[in-house]
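Visitor: The sequence shown: position 88 = 537 (the working numbering), numbered continuously.
Backbone N, C-alpha and C fix where the C-beta goes; we use that ideal spot for every residue, glycine too.
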Amino acid sequence: VTGEHIRKDVRENQPGVTLHLDMQVYDIKTCLPIPKAAVEIWGTNATGSYSGITGAGMDFLGGAKVDGKANLQNRAMRGIQITDKDGAVQFDTLYPGHYSGRTNHIHVMTHTGQEELPNKTIKGGKINHVGQIYFDQSLTTEVEKTAPYADNKQQWTLNKADMIMAGGTSGNADNVVNYVLLGNKLEDGVFGWINFGIDAASARDVRVASECTDTECKEVPFKFPDFGALFGGKGKGAPKGGAKAAAPKAAAPPAKQA
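1) Counting only runs of 3+ residues fully inside the region 536-618, write out the beta strand (DSSP E) ranges in chain order.
2) Thinking C-alpha only, which one of 672, 485, 541 and 557 is nearest residue 463?
3) Whole angstroms is fine: what's the gap from residue 602's alpha carbon to residue 479's?
4) Closer than 8 Å is the cut-off here; do at least three beta carbon pairs connect the region 636-647 with the region 466-480?
5) Would you give the residue range spanned by the alpha helix (DSSP H) that residue 519 belongs to?
6) Please report how far the alpha carbon of residue 492 lies from the alpha carbon of residue 648, in whole angstroms.
7) Between residue 670 and residue 527, what straight-line distance do the alpha-carbon atoms span, to the nearest angstrom?
8) From residue 608 to residue 556, what does the alpha carbon distance come to, in whole angstroms?
9) So, residue 488 versus residue 559, is the Cβ gap smaller than 8 Å?
10) Rounded to whole angstroms, what is the Cα-Cα separation between residue 509 and residue 498?
11) Three-state secondary structure (DSSP) at residue 462?
12) Taking 8 Å as the threshold (C-beta atoms), are residue 484 and residue 533 in contact?
13) When burial is assigned at 16 or more other CB atoms within 10 Å of the CB, is residue 450 buried or exposed?
14) Give a yes or no on whether the C-beta atoms belonging to residue 665 and residue 503 are separated by under 8 Å.
15) Checking 8 Å against the spacing of the C-beta atoms, do residue 628 and residue 588 come in under that value?
16) Identify whether residue 512 lies in helix, strand or coil by the three-state DSSP scheme.
17) If we ignore side chains and look at the alpha-carbon of each, how far apart do residue 456 and residue 575 end up?
18) Please tell me whether residue 611 and residue 552 are closer than 8 Å, where the distance is taken between their beta carbons.
19) Based on DSSP bridge pairs, tell me the residues matched to residue 666.
20) Where does residue 624 sit, in a helix, a strand or coil, going by DSSP?
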């Protein structure tokens, strides 16, 4: 979705388990953090629906049925943050739900060379990386037992059966978020952290699902077949593998998993 806003909290009062997500981006060629990069995330709500689309765009994947017109204007679970000198960003989002054929995941895209506009959106620059991050299966299993996740009746795919997740672990990459619980129960929230490398010289083309201004969003018609762009873009110089799990410098020290 174009026209996303720079913001830390993307929950918009939707129900679910709060996820405080800390990510660090570094250059795979220099192993140095990348400052001033725009990190964009989007994920489903607790019951497996993406915002910013009418719903038709995900129907063939088994996505939940939603009020299309209202959901197109919904901006929950989407946002951008700019990396600090340590290449780190923080988001307050929700632990994502699932939809048929996929395990629980969050999409991540990075931009460099972008311009920040007065309305807290970005333009220009280039997209270097499009990927997905995942979660420990035991944690997800417990989250799925809570409301409103438990109300989602779509088929649930476990990590081990998700082929897209498996494809992101080539080269011994680890695309699973480290985590620690913030209280005695899941409802108290989860703190998660992960870092990942990108090829800062690469430029990728991605399919746009919707185009948003400050006042409205308009869906871009889906064209078959475009599966490569849908699941990670296409272009030269794209890094292989998924995210590499380690605590970013700006995050709290690694904690033993709950």
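Guide: Taking the definition as stated:
1) 537-543, 554-561 and 575-583
2) For the purposes of this step, residue 463 is taken as residue 14 along the sequence shown, with counting starting at 1. Per the Cα distances, 541.
3) For the purposes of this step, residue 602 is identified with residue 153 of the sequence shown, where counting begins at 1. For the purposes of this step, residue 479 is identified with residue 30 of the sequence shown, where counting begins at 1. Straight-line Cα distance between these residues: approximately 45 Å.
4) yes
5) Looking up residue 519 in the sequence shown gives position 70. Counting along the chain, the alpha helix (DSSP H) containing residue 519 begins and ends at 517-522.
6) For the purposes of this step, residue 492 is taken as residue 43 along the sequence shown, with counting starting at 1. For the purposes of this step, residue 648 is taken as residue 199 along the sequence shown, with counting starting at 1. For the pair residue 492 and residue 648, the Cα-to-Cα distance works out to about 23 Å.
7) Position 221 of the sequence shown holds residue 670. Position 78 of the sequence shown holds residue 527. Their backbone Cα atoms lie some 20 Å apart in a straight line.
8) By 1-based counting over the sequence shown, the position of residue 608 is 159. By 1-based counting over the sequence shown, the position of residue 556 is 107. The straight-line gap from Cα to Cα measures roughly 15 Å.
9) Taking the sequence shown and counting its residues from 1, the one referred to as residue 488 is at position 39. Taking the sequence shown and counting its residues from 1, the one referred to as residue 559 is at position 110. Contact: yes.
10) What you label residue 509 is simply residue 60 of the sequence shown in a count that begins at 1. What you label residue 498 is simply residue 49 of the sequence shown in a count that begins at 1. For residue 509, the predicted model reports a pLDDT of 44, less than 50, meaning its position is unreliable; a value from the coordinates is still stated below. Rounded to the nearest angstrom, the two C-alpha atoms are 13 Å apart.
11) Start at 1 with the first residue of the sequence shown, and residue 462 comes out as number 13. In the structure shown, residue 462 sits in coil (DSSP, three-state: anything other than H, G, I, E or B).
12) Indexing the sequence shown from 1 puts residue 533 at position 84. Indexing the sequence shown from 1 puts residue 484 at position 35. Contact: yes.
13) The sequence position of residue 450 within the sequence shown is 1, counting from 1. With 16 or more other Cβ atoms within 10 Å, it is buried.
14) Start at 1 with the first residue of the sequence shown, and residue 665 comes out as number 216. Start at 1 with the first residue of the sequence shown, and residue 503 comes out as number 54. Cβ distance not < 8 Å, so residue 665 and residue 503 don't count as in contact.
15) Numbered from its first residue, the sequence shown carries residue 628 at position 179. Numbered from its first residue, the sequence shown carries residue 588 at position 139. In this structure, residue 588 lies closer than 8 Å to residue 628 by Cβ.
16) As a position in the sequence shown, residue 512 is number 63, starting the count at 1. Low per-residue confidence applies at residue 512: pLDDT is 48, beneath 50, and the placement is therefore not dependable, though the value from the model is reported in the following sentence. Note: residue 512 maps to coil in three-state DSSP.
17) Your numbering for residue 456 matches position 7 in the sequence shown. Your numbering for residue 575 matches position 126 in the sequence shown. Taking the straight line joining both Cα atoms gives about 20 Å.
18) For the purposes of this step, residue 611 is taken as residue 162 along the sequence shown, with counting starting at 1. For the purposes of this step, residue 552 is taken as residue 103 along the sequence shown, with counting starting at 1. Result yes, Cβ atoms of residue 611 and residue 552 sit closer than 8 Å.
19) Here residue 666 refers to the residue found at position 217 of the sequence shown. For residue 666, which the question treats as bridged, DSSP gives the partners 661.
20) Here residue 624 is taken as the residue at index 175 of the sequence shown, counted from 1. Of the three classes helix, strand and coil, the one that applies to residue 624 here is coil, per DSSP.
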